[in-house]
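Residue numbers (our numbering): 68 to 311.
Yeah, the Cβ is synthetic: ideal placement off N, Cα and C, and Gly gets one too.
Small disclaimer: the values here were computed from a predicted structure and weren't measured.
If you want it as structure tokens, here you go:
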């Protein structure tokens, strides 16, 4: 079985975010990580491989060479090889079309992604890829197990509860916790990752579907004002000022 795990490289949630001229993200001094939801997807793929050594795991990222260390980290965690489509991820449509083009040429049985990237949080790439390829897509998925080499059992959360589904491969799944536990690469994995294949692929041409207008930071939080529990008049005055 061939599994493809698509990863995004996103700013660490502890990074201080800033913009240049309100229309360009400033990546200076920003630490990037594998998207947390993609980490869950990769961890589950590795768990499945631990149960079945015939499973082959490939990593795919749309990004520039600065993402290579994170692909190496994915290889150290347990992927067999990695591919990078050599382009900025312009928008969801661009990324999905390039992922779909890659999948068409390689015939994967199971494609795992995170439920969404944590930078733009659009959650569109799985559905767009599935539509282009005419492959059934489920998102978000909280449980995944192989029934045999042609079908899987998955669970996903709905407004009415947990839905359990038997689905026929090939599939695209968007993953989230508790599908697996994050894995940290050990020293042996790090050493092995150095000799694993990391291939660079040129992107296909896709017309941008979105034009970015501007970035804005959220408003700063108001200062918290403490009022003595016995000072009801001041409390009422403050609530009136805020129309509460």
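The C-alpha of residue 165 is placed about 17 angstroms away from the C-alpha of residue 183.
For residue 160, the enclosing alpha helix (DSSP H) begins and ends at 159-173. Nearest Cα to residue 97 within the set 135, 82 and 103: 82. With a beta-carbon spacing of about 26 angstroms, residue 200 and residue 144 fall beyond the 8 angstroms limit used to define contacts. A Cβ-Cβ distance of about 7 angstroms is found for the pair residue 107 and residue 181, placing them in contact under the 8 angstroms criterion. Its chain contains 271 as the residues whose beta carbon lies nearer than 7 angstroms to that of residue 168, once the 5 sequence neighbours on both sides are disregarded; these appear in chain order. A contact is defined here as three or more CB-CB pairs under 8 angstroms, and the segment 202-219 fails this definition with respect to the segment 149-160. In this structure, residue 239 keeps its C-beta atom at 7 angstroms or more from the C-beta atom of residue 221. Contact between residue 305 and residue 292 holds: their C-beta atoms lie close to 7 angstroms from each other, under 8 angstroms.
In the same chain as residue 99, and ignoring 5 residues on each side of it, the C-beta atoms closer than 8 angstroms to its own belong to 76, 77, 78, 79, 133, 134 and 137, in chain order.
In the DSSP secondary-structure assignment, residue 78 is bridged to 99. Residue 123 and residue 235 have their alpha carbons spaced roughly 19 angstroms apart.
Here DSSP, grouped into helix, strand and coil, assigns residue 150 to strand. Look at residue 266 here: in three-state DSSP terms it is strand.
Put simply, of 172, 125 and 129 the residue whose alpha carbon is nearest the alpha carbon of residue 264 is 125.
Between residue 208 and residue 162, the C-beta spacing is not below 7 angstroms. Residue 180 is bridged by DSSP to 241.
Non-local beta-carbon contacts of residue 252 in its own chain, meaning distances under 8 angstroms to residues more than five positions away in sequence, involve 140, 143, 144 and 260 in chain order. Under the DSSP assignment, residue 218 falls in the beta strand (DSSP E) whose first and last residues are 218-225. Looking at the DSSP output, residue 308 sits in no beta bridge, so it has no partner there.
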